[in-house]
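In this note's numbering, the protein residues as written are 13 to 279.
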């Protein structure tokens, strides 16, 4: 009886071990499937833009600020302020009727769109991080070294008294911005601008859309899909590959935008 008992016990343990081994493999496979599903089933998926009209020789340089007036030199064989970007209609996203322009970003404030190379602008006294870049008519930045200026400036009484190039890793928020109405709500563009931070192996961009987080490892514009009508929160942060945020004042921004089905009635 004892021999039969021990033989049965050994056989039971062997079956249990085989069963556990199979269960572990199934659990691992299930976890991988779940992770894949999490990636694929984002509530607000980000879809990369198609390749946009290129302006390889577009040039933005010689930024000055005197008497409350900014001035830039803008040049390029094909790029012109105030013109429509040729592929604007195919992008099917918000497009400026005034054409191509300069995005001027002061710190973490929303950008100011400027359609001429000289314009009045109120800068408070003190130190500011400034990014200026050439934009297509549908607000996508031209992502070349020659088409942007990034500086830390000191301002006093409507003039820059000192300026130096930004040297620390930084991330500026550009789009989306403000209120989107009607057809413009269908495809909302996300566009950001890293400075001294190559997005890929060394740095990534953590995007938060209404609390849902997506990690991006490529610098390009994206469509944000499925945004509901009403207010939405969009945040970006410059992070290391392990997901920890890069320190600094110019590495994260949280913004609120609004989507409306129809324009507000005139009062």
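We put the CB at the ideal spot given by N, CA and C, even for glycine.
Assignment of residue 197 by DSSP, reduced to helix, strand and coil, places it in the helix class. Nearest Cα to residue 274 within the set 206, 133, 240, 194: 194.
The beta carbon of residue 158 sits closer than 6 Å to the beta carbons of 71 from its chain, once the five residues preceding and following it are set aside; these are given in chain order. Residue 142 has its alpha-carbon roughly 18 Å from the corresponding atom of residue 128. Leaving aside the five residues that flank residue 132 on each side, the residues in its chain whose CB is nearer than 7 Å to its CB run, in chain order, 80, 81.
With distances taken between CA atoms, residue 138 lies nearest to 172 out of 105, 172, 155, 92. Per DSSP, the beta bridge partners of residue 226 are 219. Here residue 203 is buried. Its C-beta has 16 or more other C-beta atoms within 10 Å.
The beta carbon of residue 110 sits closer than 7 Å to those of 94, 127, all from its chain and outside the five residues before and after it, given in chain order. Looking from the CA of residue 198, the closest CA among 89, 87, 103, 86 belongs to 103. Comparing alpha-carbon positions, the option among 166, 123, 165 lying closest to residue 145 turns out to be 123.
The C-alpha of residue 220 is placed about 16 Å away from the C-alpha of residue 205.
In the structure shown, the three-state DSSP call for residue 62 is coil.
Judged by DSSP secondary structure, residue 103 falls within the alpha helix (DSSP H) whose first and last residues are 100-103.
DSSP places residue 177 in the uninterrupted beta strand (DSSP E) bounded by 171-177. DSSP, reduced to helix, strand and coil, places residue 210 outside both helices and strands of the structure shown, so it counts as coil. In this structure residue 149 does not touch residue 87 by the C-beta definition: roughly 18 Å separates them, more than the 8 Å allowed. The Cβ atoms of residue 214 and residue 105 lie no closer than 9 Å to each other.
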